[in-house]
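A.B. asks:
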Amino acid sequence: MILTTMCYMQHHGKTLMLHRIKKENDINAGKWIGVGGKFNIGESAEECMKREIFEETGFVAHSLKLHGFVCFPGLYHGQDEGMFIYTCDDFSGELHDCNEGVLQWIKDDEISRLPMWEGDYHFFEWIRDSHFHSAKIVYENDKVIEYKEECY
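Quick note, the sequence shown lines up with residues 1283 to 1434 if you use our numbering.
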């Protein structure tokens, strides 16, 4: 299983989203996603998330909130992907350009109109409640064919 992280940076009713339009051969091409990426060897989920936030945005995350874990069977070039879903509203630094796409602060009430992975819309429901979520999302041709979730 490939382990990854995803964070939605939040500030004054807006969320920082990444429009993936720069990277070649990108599984996320054209979609809006949070910031994040794959674990490096020996990293914890929090270390990975903080490193990815800094690399992609220039921000230093001072604290993170973990909302859940999701498994995507077979999604990452035939391999399973496991993703930790975070938010961060405590950070410092200056936003810089990202080589994977365009970063943009989006009003929270406008996020549902963005073209995202179908399953990602659930993550914003997770963010609004106080539970920990564990999910399995199965895709076929970029469409969700199975969604299972547990709430704790």
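C-beta atoms are modelled at their ideal positions from N, C-alpha and C, and glycine is treated no differently. Bear in mind that the values here come from a model prediction, so they are computed numbers and not experimental data.
Could you have a look at E1363 and say whether DSSP puts it in helix, strand or coil?
C.D. replies: strand
A.B. asks: From K1296, A1343, F1354 and E1382, pick the residue whose C-alpha is nearest to that of E1306; which is it?
C.D. replies: E1382
A.B. asks: Give the range of the alpha helix (DSSP H) segment to which A1311 is assigned.
C.D. replies: Looking at the DSSP string, A1311 is not in any alpha helix (DSSP H), and its letter there is neither H nor E.
A.B. asks: Identify, in the order they occur along the chain, each residue of the same chain with its Cβ nearer than 7 Å to the Cβ of E1400, setting aside the five sequence neighbours on each side.
C.D. replies: K1425 and V1426
A.B. asks: For N1322 and I1309, I'd like the C-alpha separation in whole angstroms.
C.D. replies: 19 Å
A.B. asks: I need the straight-line Cα distance from Q1361 to F1354, nearest angstrom please.
C.D. replies: 9 Å
A.B. asks: Where D1391 and G1295 are concerned, what is the direct C-alpha to C-alpha distance, given to the nearest angstrom?
C.D. replies: 8 Å
A.B. asks: Counting beta carbon pairs with one atom in the stretch 1334-1353 and one in the stretch 1283-1294, are three or more of them shorter than 8 Å?
C.D. replies: yes
A.B. asks: Once the 5 residues before and after G1318 are set aside, which same chain residues still bring their CB inside 7 Å of it?
C.D. replies: T1286, T1287, M1288, C1289, M1331 and E1334
A.B. asks: Give me the Cβ distance between W1387 and H1349, rounded to the nearest whole Å; I'm assuming they're in contact under 8 Å.
C.D. replies: In fact, because the Cβ distance is near 20 Å, the residues do not count as touching under 8 Å.
A.B. asks: For C1433, count neighbouring C-beta atoms within 10 Å of its own C-beta (all shown protein chains included) and say buried if the count is 16 or more, exposed if not.
C.D. replies: Taking a 10 Å sphere around the C-beta of C1433, we find fewer than 16 other C-beta atoms and assign the residue as exposed.
A.B. asks: Taking the beta strand (DSSP E) that F1405 falls in, what are its first and last residues?
C.D. replies: Run containing F1405: none in the beta strand (DSSP E); it sits in the alpha helix (DSSP H), D1402 to R1410.
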